[in-house]
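These notes concern the structure reproduced below.
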Amino acid sequence: MKIPARALRTALVFTATALAPMTVGAAATPPTTAAPAPGTPKRHTLRGIITAVISEKSAFVVKHEDIPGVMRAMTMMFQVDAATLKAFKTGDTITGLMSRQGNAWVLEEVKPASAESKK
Ligand SMILES: [Cu+2]
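This is the structure we're talking about:
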């Protein structure tokens, strides 16, 4: 049986029209909001200079700038991971994300500050 081209075109248009509301409905569904996992520490952006590297504690002493609403400018110690510890030295200006984890302040995503200030 041969379907006339015109009838076939009509059928396709009808199908597309029928599907359209479904597509719109799916697109209108709000994305699932990823709520922060309970217990995840708040992280704050920090900028400062490393005044000492304490290898045996896997820590940096950082003289950081004021973190509005969180902490005034001060010099304090931050735990860092082994890779970060090796990647930086005393005198480096850095940015990072600080958070309170247990009894320690932790600095993550540490980057040279020069990379951040290139705007
Ligand atoms: Cu501080």
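In terms of the working numbering, the numbers along the sequence shown are unbroken and rise by one, the last being 455. Heads up, the beta-carbon is just placed ideally off N, CA and C, and yes, glycines get one too.
Ligand 1 heavy atom lying under 7 angstroms from the CB of residue i
i, result
"H400", "yes"
Residue from the options whose Cα sits closest to the Cα of residue i
i, options, result
"S391", "G384, F414, M410", "F414"
"A419", "G405, P377, L443, T387", "L443"
"D428", "T381, T376, K378, T387", "T387"
"G384", "A440, R436, K393, K425", "K425"
"A423", "H380, T381, T376, V389", "V389"
"H380", "E401, D417, A409, S435", "S435"
Inter-residue Cα distance where the pair is residue i and residue j
i, j, result
"I403", "K378", "13 angstroms"
"K447", "T431", "5 angstroms"
"A449", "T411", "17 angstroms"
"S394", "V406", "24 angstroms"
"G438", "T376", "11 angstroms"
"L433", "K399", "14 angstroms"
"F396", "D417", "10 angstroms"
"A451", "E445", "Legend: pLDDT at A451 = 48, less than 50; position of this residue unreliable, no value from coordinates given."
"E401", "R408", "7 angstroms"
"L382", "W441", "12 angstroms"
Cross-strand partners of residue i (DSSP beta bridge)
i, result
"S435", "V442"
"P404", "Answer by DSSP bridge pairing: none, since P404 is not bridged."
"T387", "DSSP, once it has assigned bridges, lists no residue as partnering T387."
"V280", "No answer is possible for residue 280: it lies beyond the span of the chain, which begins at 337 and ends at 455."
query: ligand 1: which residues have Cβ under 5 angstroms from any of its heavy atoms, chain order?
result: Contact residues of ligand 1 (beta-carbon closer than 5 angstroms to any heavy atom; chain order) are M407, M410, M412.
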